[in-house]
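Here's the structure, in structure tokens; my notes come after.
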Amino acid sequence: MISRSILSRGIFSNSTQKGFNTALNTRSIHTVPSLTRKVDLAREGIPGLYSAKGFNTAWTDYQTVTLNRLSELTVETENETRSPFHIIQNTSKKIESASVFNYASQALNNHFYFESINYENETITKPSPELLKKINEAFGSLDDFRLDFLRAADEHLGNGWVFLVESPEKSLYILATNNAGSPYTIGRSQILDFNTPYTSESLEALEQIRDGVMTQEKDWPCPLLAVNVWQYAYTSDYSVTGKADFLENWWNKINWDIVNKRLYTGPE
151 MISRSILSRG IFSNSTQKGF NTALNTRSIH TVPSLTRKVD LAREGIPGLY
201 SAKGFNTAWT DYQTVTLNRL SELTVETENE TRSPFHIIQN TSKKIESASV
251 FNYASQALNN HFYFESINYE NETITKPSPE LLKKINEAFG SLDDFRLDFL
301 RAADEHLGNG WVFLVESPEK SLYILATNNA GSPYTIGRSQ ILDFNTPYTS
351 ESLEALEQIR DGVMTQEKDW PCPLLAVNVW QYAYTSDYSV TGKADFLENW
401 WNKINWDIVN KRLYTGPE
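Start counting the sequence shown at 151; every next residue gets the next number (my numbering).
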């Protein structure tokens, strides 16, 4: 696959490219969230995963452009002061708001991904007993889950995201989405890439989405973990052919303390 600039494919339009040089100097309603140790990360990167250049490409530059564009699209609208999460909830079923949804979803997904990374070299985290029990129930073991998750990410063709999701019934499953697909909303997870053959799993998932829409089902899935498989997330440090190495390094940098806090541990 030919590597392209993060501004020349996917959700970014020609108008975004044209305005990139001035975008950082304009008023932005939606601003880049702070990460822990953001100054150190910008200067040093994330040891074992990103160089400073790779980090700034995947986080600082991409998040800034995405949120500036979201600000442009939502200025003087009802979504102007809403968070990206509430924007995707408000626009997921509105065809005329597809661009707004896409930028909000990308911003939310990328933030979610970076929040789950362990920035400390000396700190080792691990799944909590509660999370490990859920993983064992769904996948057999932590090693089996690792293999399944990394395989889903490595075999994902094109740009997108791979999530570990807790269902409304509190079971865990792996969800791969295309482009700006979101795990939060029925019908906008974008689990199918219509340029590639369907799998039995993707068709089954599509049937479940259709049934949910027909019955006006309220879905409240909760993502616990995400990896970014857009090319901008790894080509700077790993090249176009280094996706598998990137994924291995990412797995070793998961901040399980953050993932543990996302798991529902209340009464069954």
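All residues carry an ideal CB built from backbone N, CA and C; glycine is no exception.
Beta bridge counterpart(s) of residue i as assigned by DSSP
i, result
"Val315", "Tyr323 and Pro373"
"Ile267", "Ile404"
"Ile196", "Tyr200"
Chain C within 8 Å of residue i, Cβ atoms only
i, result
"Asn399", "The chain labelled as chain C is not found in the depicted structure, where only one protein chain is given."
N-terminal and C-terminal residue of the alpha helix (DSSP H) that residue i is part of
i, result
"Lys283", "Pro279 to Phe289"
"Asp293", "Leu292 to Asp304"
"Ile237", "Pro234 to Thr241"
"Tyr384", "From DSSP, Tyr384 is part of no alpha helix (DSSP H); its letter is neither H nor E."
heavy atom of the ligand MN below 7 Å from residue i C-beta
i, result
"Lys276", "Because no ligand of any kind appears in the structure shown, any question about the ligand MN cannot be addressed here."
Three-state secondary structure (DSSP) of residue i
i, result
"Asn378", "strand"
"Asn309", "coil"
"Asn328", "strand"
"Arg398", "The sequence shown places Glu at residue 398, not Arg. In this structure, Glu398 counts as helix in the three-state DSSP scheme."
"Tyr212", "helix"
"Tyr115", "A query on residue 115 cannot be resolved here, the shown segment of the chain reaching from 151 to 418 and no further."
"Asn206", "helix"
"Glu228", "coil"
"Lys276", "coil"
"Lys244", "coil"
"His261", "helix"
"Arg412", "helix"
"Ser221", "helix"
"Val390", "coil"
8 Å contact criterion, which residue i and residue j should meet: CB distance rounded
i, j, result
"Ala302", "Val312", "5 Å"
"Leu191", "Asn399", "Actually they do not touch by this definition, with Cβ atoms about 16 Å apart."
"Leu397", "Asp298", "The Cβ separation is near 12 Å, so there is no contact."
"Ala330", "Ser255", "4 Å"
"Thr207", "Tyr382", "6 Å"
Per-residue burial, residue i [other beta carbons within 10 Å of its own, 16 or more giving buried]
i, result
"Ser247", "buried"
"Gly195", "buried"
"Ala257", "buried"
"Val225", "exposed"
"Asn310", "Correcting the residue type first, residue 310 is Gly in the shown sequence and not Asn. Under this definition Gly310 is a buried residue."
"Arg193", "exposed"
"Ile267", "buried"
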